[in-house]
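Chemist: Handing you this structure, nothing more for now.
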Amino acid sequence: MVTTAYGGFPGAVGVSRLTVYDWPTVEGLPGGGTPHLHLTCTEGYVVTAGRGAVQTLTTSGFEETPLEPGTVAWFTPGTIHRLVNDGGLEITVVMQNSGLPEAGDAVLTLPQDRLADPGTYADAVRIPAGVPEAEQVQVARARRDLATRRFLELRDATENGDPEPLAEFQRAAAQLVRPRLEEWEQRWRDGARAAAETTRAQLDALRAGDDGHLAEARVSATGPAARGRFGMCGRLAVYPGI
Numbered sequence: 290m291v292t293t294a295y296g297g298f299p300g301a302v303g304v305s306r307l308t309v310y311d312w313p314t315v316e317g318l319p320g321g322g323t324p325h326l327h328l329t330c331t332e333g334y335v336v337t338a339g340r341g342a343v344q345t346l347t348t349s350g351f352e353e354t355p356l357e358p359g360t361v362a363w364f365t366p367g368t369i370h371r372l373v374n375d376g377g378l379e380i381t382v383v384m385q386n387s388g389l390p391e392a393g394d395a396v397l398t399l400p401q402d403r404l405a406d407p408g409t410y411a412d413a414v415r416i417p418a419g420v421p422e423a424e425q426v427q428v429a430r431a432r433r434d435l436a437t438r439r440f441l442e443l444r445d446a447t448e449n450g451d452p453e454p455l456a457e458f459q460r461a462a463a464q465l466v467r468p469r470l471e472e473w474e475q476r477w478r479d480g481a482r483a484a485a486e487t488t489r490a491q492l493d494a495l496r497a498g499d500d501g502h503l504a505e506a507r508v509s510a511t512g513p514a515a516r517g518r519f520g521m522c523g524r525l526a527v528y529p530g531i
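In terms of this note's numbering, the sequence shown opens at residue 290 and continues consecutively.
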């Protein structure tokens, strides 16, 4: 009989609810998030309210994908992405590898000197705890605007046929996360790999006429562990254990 080795959320994905920042951007858009990329995770958006777009930049160029209720959009590792809020944009974010994008797999498009080493980067992106919310808003907004200016520079260089600035940022991002790769691999082993191997074992058992794992069925539910947290692209409702 198969002993179920994985009982987490389907596919070992993470989920959060995102209310995109409505602060006007440095180039005058009505609102938007902080440009960044993930190095090992695909991320998906399920739009639940409002209107806007996700702007993306890869070595293939710049794109803008419209977002409205019912839209499902996703992008693979290495995609620099930035949400634009045209009004009331709310998204359920689905993240690969048990929510790793919100647990370290993200590098903001900061100026190159802020990417020099993990300590310098951590200082540049930190939003202080234990201070008035107005001060946190100020820091989060300044962080977003700094990253947006670099994003616009990278976009302009790419569109003008110069791939080196984007390549330089990618190299710096990869170097920044190297100290955390063992930790990330363990998260993958405990999550996505365990989920896939459990399915394989169940398929093998069913082929052999063993349906014993069906007796282990159970139901789980949870609610947000934190609401209103300052994320990269907006205020987050974060779910534990997903």
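Beta carbons: idealized from backbone N, C-alpha and C, even for Gly.
For clarity, every value in this text was computed on a predicted model and none was experimentally measured.
Smallest Cα separation from residue 562: which of 342, 465, 403?
Modeler: As shown, the chain starts at 290 and ends at 531. That puts residue 562 outside it, with no answer to give.
Chemist: So residue 529 and residue 506 are supposed to be a Cβ contact under 8 Å. How far apart are they, rounded?
Modeler: Against the sequence shown, residue 529 aligns to sequence position 240. Against the sequence shown, residue 506 aligns to sequence position 217. Between residue 506 and residue 529 the Cβ distance is about 22 Å, and since that is not below 8 Å, they are no contact.
Chemist: Given residue 503, which residues of its chain have a CB within under 6 Å of its CB, disregarding the five upstream and five downstream residues?
Modeler: As a first step, residue 503 must be located in the sequence shown, where it is residue number 214. Same-chain partners within the cutoff: there are none.
Chemist: Which of the three DSSP states is assigned to residue 502 in this structure?
Modeler: Counting from one through the sequence shown, the residue named residue 502 turns up at place 213. Reduced to three states, the DSSP call for residue 502 is helix.
Chemist: Considering just the uninterrupted stretch of the alpha helix (DSSP H) at residue 252, what are its terminal residues?
Modeler: No answer is possible for residue 252: the residues shown for the chain start at 290 and end at 531.
Chemist: Reducing DSSP to helix, strand and coil, say where residue 422 ends up.
Modeler: Walking along the sequence shown from the start, residue 422 turns up at place 133. In the structure shown, residue 422 sits in a helix (DSSP, three-state: H, G or I).
Chemist: So, for residue 357: in the same chain, excluding its five sequence neighbours on each side, which residues have a beta-carbon less than 7 Å away from its beta-carbon?
Modeler: As a first step, residue 357 is located in the sequence shown; it is residue number 68 there, counting from the start. So the list reads 336, 340, once near-sequence residues are dropped.
Chemist: Report the three-state DSSP secondary structure of residue 510 (helix, strand or coil).
Modeler: If you number the sequence shown from 1, residue 510 lands on position 221. Correct three-state label for residue 510: coil.
Chemist: Quick check on residue 323: does DSSP put it in helix, strand or coil?
Modeler: Position 34 of the sequence shown, counted from the start, is the residue given in the question as residue 323. Looking at residue 323 - three-state DSSP - the assignment turns out to be coil, as it is neither helix nor strand.
Chemist: Using C-beta distances below 6 Å, list every residue in its chain close to residue 327, excluding the 5 sequence neighbours before and after it, in chain order.
Modeler: Stepping through the sequence shown from its first residue, residue 327 is reached at position 38. Excluding residues within five positions, the ones whose Cβ falls inside 6 Å are 366, 390, 394, 395.
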